[in-house]
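Colleague:
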Amino acid sequence: MFDIRLYKKYLLILKNYWIWVFKEYLRKDCPTVAASITLTSLFAIVPAFFIIINILDAFNAFSSLSESLQNFLFENMLPETATTVQQYITKISHKMTSLPITSVIVLLVVIFLMIKRLEITLNKIFYANRQRPMLQSLLVYWALMTMGPLLMGFVFISSTYLISMAWFVKDIGMEQYLLSGLSLIFLTTGFFVVYKILPNTRINSKIALLAAFLVAIVFTLAKKIFALYMFYVPTYSVIYGSLSLIPIFILWVFVTWQITLLGAVMIRAMQYMKVTLNFKKEVKRDDLSISVNMLKELHIAQRELKNGMSINDLYQKTSVADYDKIKKILYALETANIIRITAQDICYLNCDVFDISLYKIYLAFNPTINFKTSSIRKINVIKSQLYKQLDIKLYECF
Numbered sequence: 030m031f032d033i034r035l036y037k038k039y040l041l042i043l044k045n046y047w048i049w050v051f052k053e054y055l056r057k058d059c060p061t062v063a064a065s066i067t068l069t070s071l072f073a074i075v076p077a078f079f080i081i082i083n084i085l086d087a088f089n090a091f092s093s094l095s096e097s098l099q100n101f102l103f104e105n106m107l108p109e110t111a112t113t114v115q116q117y118i119t120k121i122s123h124k125m126t127s128l129p130i131t132s133v134i135v136l137l138v139v140i141f142l143m144i145k146r147l148e149i150t151l152n153k154i155f156y157a158n159r160q161r162p163m164l165q166s167l168l169v170y171w172a173l174m175t176m177g178p179l180l181m182g183f184v185f186i187s188s189t190y191l192i193s194m195a196w197f198v199k200d201i202g203m204e205q206y207l208l209s210g211l212s213l214i215f216l217t218t219g220f221f222v223v224y225k226i227l228p229n230t231r232i233n234s235k236i237a238l239l240a241a242f243l244v245a246i247v248f249t250l251a252k253k254i255f256a257l258y259m260f261y262v263p264t265y266s267v268i269y270g271s272l273s274l275i276p277i278f279i280l281w282v283f284v285t286w287q288i289t290l291l292g293a294v295m296i297r298a299m300q301y302m303k304v305t306l307n308f309k310k311e312v313k314r315d316d317l318s319i320s321v322n323m324l325k326e327l328h329i330a331q332r333e334l335k336n337g338m339s340i341n342d343l344y345q346k347t348s349v350a351d352y353d354k355i356k357k358i359l360y361a362l363e364t365a366n367i368i369r370i371t372a373q374d375i376c377y378l379n380c381d382v383f384d385i386s387l388y389k390i391y392l393a394f395n396p397t398i399n400f401k402t403s404s405i406r407k408i409n410v411i412k413s414q415l416y417k418q419l420d421i422k423l424y425e426c427f
């Protein structure tokens, strides 16, 4: 039997989810960031394509299908109105083979800068405040540049092989649908790799895969809408004439990065679904009460489970929707040597709850208190009153 109340509940959940996603998307200034990455991408796209071609040609399994894979890549990454770009990029990338090694190094640096810019943006979206060491970052970037093309080649060959083996496909007219499915798999794989590897924080694989799949669908629809818009509203063609290809291509790259960043915000919202969907019910609390609540959770975890808690788990235990605020509080407690945070974002108590007072915890957030007075006597009186009020052991608040 159809339950209208359950239907309304799910609609409300969906509504709250997307409201939060778009608010967070704008709060992180993603459109401006997408424009910045677009500018870097214009310099990096040709050398990136050059690397993809050479890596695929270096392996016998992919070399015979290199041209087919290139065509497939452009067909799925560019709308129909911008497919002419493929010819120019291919010609330029082939000319790069004659460049001296110093020029190739400069082009590699450009690619690294683009990936670095994207990594910084994703870290901000996921509130990953700690940056990777330089050597580790270079290894991650190099892995993306080398393993990425191989992964694309593997997905392409596996999928085309399965389609060719399905002899009945052509008979029932499903070849086009299977090719569309192959395109979706290809895009999902690419987005998943970006969302899973680049952010310097733990990303749930299932959530990343689901978001990558949804983003791949949005990307495919956006590509078709973009092509239709350019066909029926030929503004750029009228204004720029034969040069219209340039602004059209730049606009599409900008749209691509917007969709990519939107997917990252979707993942962040899915990972913290409980607070995201109830953000309107959030109760405003001060830093001290939030920190006491989290220290209590850490104390219970270490006493009963003999283990720490991740920042994400602590976030789920609070009624605070602002994840950035939670991280600032935790890092303030770490600076005051009250807790310890590992490189994997696991928090441990670094104090005795029967010994530490609320006053010391309070000072973690207010190391220099502004008393709005120059009178030393008044300041000492206020300090004394504050100390008396907060001279309570932490365990007494549990």
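Numbering (the numbering used here), first residue to last: 30 to 427.
Positions of the beta carbon are idealized from the N, C-alpha and C atoms, including for glycine.
From the DSSP output, in three-state form, read off Ile-355 for me.
Modeller: Taking the first residue of the sequence shown as 1, we reach residue 355 at position 326. If DSSP states are grouped into helix, strand and coil, Ile-355 belongs with the helices.
Colleague: Pull up the distance between the alpha-carbon of Leu-11 and that of Ala-365, whole angstroms please.
Modeller: Any question about residue 11 goes unanswered here, given that the chain covers just 30 to 427.
Colleague: Shortest alpha-carbon distance to Phe-255 belongs to which of Phe-278, Ile-144, Ala-245?
Modeller: In the sequence shown, counting from the first residue as 1, residue 255 sits at position 226. Comparing Cα-Cα distances from Phe-255 to each of Phe-278, Ile-144, Ala-245, the minimum goes to Phe-278.
Colleague: Would DSSP call Cys-380 helix, strand or coil?
Modeller: If you number the sequence shown from 1, residue 380 lands on position 351. Coil.
Colleague: Leaving aside the five residues before and after Ile-319 along the sequence, list all residues of the same chain whose C-beta is less than 7 Å from its C-beta, in chain order.
Modeller: Mapped onto the sequence shown, residue 319 falls at position 290. Thr-347, Val-349, Ile-358.
Colleague: Starting from the C-beta of Tyr-301, find all residues in its chain whose C-beta is less than 8 Å away, skip the five residues before and the five after it, and write them out in chain order.
Modeller: To locate residue 301, count along the sequence shown from 1; it is residue 272. Its chain contains Asn-341, Tyr-344, Gln-345, Tyr-352 as the residues whose beta carbon lies nearer than 8 Å to that of Tyr-301, once the 5 sequence neighbours on both sides are disregarded; these appear in chain order.
Colleague: Restricting to Cα atoms, I'd like to know which of Ile-130, Lys-52, Leu-147 is closest to Thr-285.
Modeller: One-based indexing of the sequence shown puts residue 285 at position 256. If we check each option's Cα against that of Thr-285, Leu-147 comes out closest.
Colleague: Go ahead and pull the three-state DSSP assignment for Lys-37.
Modeller: In the sequence shown, residue 37 corresponds to position 8, counting from 1. Lys-37 sits in a helix when the DSSP states are folded into three classes.
Colleague: Am I right that Leu-291 and Ala-245 are in contact with their C-beta atoms under 8 Å? What's the rounded C-beta distance?
Modeller: In the sequence shown, counting from the first residue as 1, residue 291 sits at position 262. In the sequence shown, counting from the first residue as 1, residue 245 sits at position 216. No, Leu-291 and Ala-245 are not in contact; Cβ-Cβ is about 12 Å, not under 8 Å.
Colleague: Verify whether the separation of the beta carbon atoms of Glu-53 and Arg-231 is less than 9 Å.
Modeller: Taking the first residue of the sequence shown as 1, we reach residue 53 at position 24. Taking the first residue of the sequence shown as 1, we reach residue 231 at position 202. Contact flag unset, no.
Colleague: Can you check whether the CB of Val-247 is closer than 9 Å to the CB of Leu-324?
Modeller: Your numbering for residue 324 matches position 295 in the sequence shown. Your numbering for residue 247 matches position 218 in the sequence shown. Going by C-beta atoms, Leu-324 is not nearer than 9 Å to Val-247.
Colleague: Answer yes or no: do Ala-241 and Met-174 have a C-beta to C-beta separation smaller than 9 Å?
Modeller: Locating residue 241 in the sequence shown gives position 212, where the first residue counts as 1. Locating residue 174 in the sequence shown gives position 145, where the first residue counts as 1. Cβ distance not < 9 Å, so Ala-241 and Met-174 don't count as in contact.
Colleague: Hey, is Val-138's beta-carbon within less than 9 Å of any beta-carbon in chain D?
Modeller: The structure shown contains no chain D, having only a single protein chain.
Colleague: Roughly how many angstroms separate the alpha carbons of Lys-44 and Met-163, rounded to a whole number?
Modeller: Taking the sequence shown and counting its residues from 1, one reaches residue 44 at position 15. Taking the sequence shown and counting its residues from 1, one reaches residue 163 at position 134. Taking the straight line from one Cα to the other gives about 41 Å.
Colleague: Flag this pair as yes or no: are the beta carbons of Ile-288 and Ala-251 separated by less than 9 Å?
Modeller: If you number the sequence shown from 1, residue 288 lands on position 259. If you number the sequence shown from 1, residue 251 lands on position 222. Contact: yes.
Colleague: Provide the residue span of the beta strand (DSSP E) that contains Arg-369, from first to last.
Modeller: For the purposes of this step, residue 369 is identified with residue 340 of the sequence shown, where counting begins at 1. Per DSSP, Arg-369 is one residue of the beta strand (DSSP E) stretching across 368 to 370.
Colleague: I'd like to confirm the pairing. Which residues does DSSP put opposite Met-422 in its beta bridges?
Modeller: One-based indexing of the sequence shown puts residue 422 at position 393. The amino acid occupying residue 422 in the given sequence is Lys; Met does not appear at that position. Beta-bridge pairing links Lys-422 to Ser-386.
Colleague: Below 8 Å CB to CB, which residues in the same chain sit around Thr-69 once its five sequence neighbours on both sides are set aside?
Modeller: The residue labelled residue 69 in the question sits at position 40 within the sequence shown. Here the set comprises Val-139, Leu-142, Met-143, Arg-146.
Colleague: Could you pull the start and end residues of the alpha helix (DSSP H) that Asp-374 belongs to?
Modeller: In the sequence shown, counting from the first residue as 1, residue 374 sits at position 345. From DSSP, Asp-374 is part of no alpha helix (DSSP H); its letter is neither H nor E.
Colleague: Determine the direct distance from the alpha carbon of Lys-38 to that of Leu-257, and round the result to whole angstroms.
Modeller: As a position in the sequence shown, residue 257 is number 228, starting the count at 1. As a position in the sequence shown, residue 38 is number 9, starting the count at 1. The straight-line gap from Cα to Cα measures roughly 36 Å.
Colleague: Mapping the DSSP letters down to three states, classify Asn-399 as helix, strand or coil.
Modeller: Position 370 of the sequence shown, counted from the start, is the residue given in the question as residue 399. Only weak support exists for where Asn-399 lies, its pLDDT of 47 falling under 50; the coordinates are left without a value.
Colleague: Report yes if the C-beta distance between Ile-226 and Val-267 is below 9 Å; otherwise report no.
Modeller: By one-based count along the sequence shown, residue 226 stands at place 197. By one-based count along the sequence shown, residue 267 stands at place 238. Going by C-beta atoms, Ile-226 is not nearer than 9 Å to Val-267.
Colleague: For Arg-369, I'd like the list of residues in its chain whose CB is within less than 6 Å of its CB, leaving aside the five on either flank, ordered along the chain.
Modeller: Within the sequence shown, residue 369 is the residue found at index 340, counting from 1. Within the same chain, Arg-369 has close Cβ partners Tyr-377, Asn-379.
Colleague: What do you reckon, are the CB atoms on Leu-362 and Ile-329 nearer than 9 Å?
Modeller: Against the sequence shown, residue 362 aligns to sequence position 333. Against the sequence shown, residue 329 aligns to sequence position 300. Contact: no.
Colleague: Go ahead and label Trp-47 buried or exposed: buried means 16 or more other beta carbons lie within 10 angstroms of its beta carbon, across all protein chains shown.
Modeller: Taking the first residue of the sequence shown as 1, we reach residue 47 at position 18. Its Cβ having fewer than 16 others within 10 Å, Trp-47 is exposed.
Colleague: Where Ser-132 and Gln-331 are concerned, what is the direct C-alpha to C-alpha distance, given to the nearest angstrom?
Modeller: Taking the sequence shown and counting its residues from 1, one reaches residue 132 at position 103. Taking the sequence shown and counting its residues from 1, one reaches residue 331 at position 302. Between Ser-132 and Gln-331, the C-alpha separation is close to 55 Å.
Colleague: What are the partner residues of Met-259, as DSSP defines its beta bridges?
Modeller: Locating residue 259 in the sequence shown gives position 230, counting from the first residue. According to DSSP, Met-259 bridges with nothing at all.
Colleague: Unbroken beta strand (DSSP E) runs of length 3 or more, entirely within the region 264 to 302: which are they?
Modeller: none
Colleague: Over what stretch of residues does the alpha helix (DSSP H) that includes Asn-322 continue unbroken?
Modeller: For the purposes of this step, residue 322 is identified with residue 293 of the sequence shown, where counting begins at 1. The continuous alpha helix (DSSP H) containing Asn-322 extends over residues 316 to 329.
Colleague: I'd like to know whether the C-beta atoms of Val-282 and Leu-71 end up nearer to each other than 9 Å.
Modeller: Your numbering for residue 282 matches position 253 in the sequence shown. Your numbering for residue 71 matches position 42 in the sequence shown. Cβ distance < 9 Å, so Val-282 and Leu-71 count as in contact.
Colleague: Is it buried or exposed for Ile-134, if we count other Cβ within 10 angstroms and need 16 for buried?
Modeller: Within the sequence shown, numbered from 1, the residue matching residue 134 stands at position 105. Exposed.
Colleague: Suppose the cutoff is 8 Å on Cβ atoms and the five residues either side in sequence are ignored; what does the same chain contact list for Leu-243 look like?
Modeller: Here the question's residue 243 lines up with position 214 in the sequence shown. If we look at Leu-243 and ignore the five residues flanking it on each side, its Cβ neighbours are Gly-292, Met-295.
Colleague: Pull up the DSSP beta-bridge partners for Ser-339, would you.
Modeller: Counting from 1 along the sequence shown, the entry for residue 339 is found at position 310. Ser-339 pairs with Ile-375.
Colleague: Looking only at C-alpha atoms, which of Phe-51, Ile-149, Leu-41, Pro-129 sits nearest to Val-62?
Modeller: What you label residue 62 is simply residue 33 of the sequence shown in a count that begins at 1. It is Ile-149.
Colleague: Can you give me the start and stop residues for the alpha helix (DSSP H) that Leu-142 sits inside?
Modeller: For this step, residue 142 is matched to residue 113 along the sequence shown. Unbroken alpha helix (DSSP H) run through Leu-142: 130 to 154.
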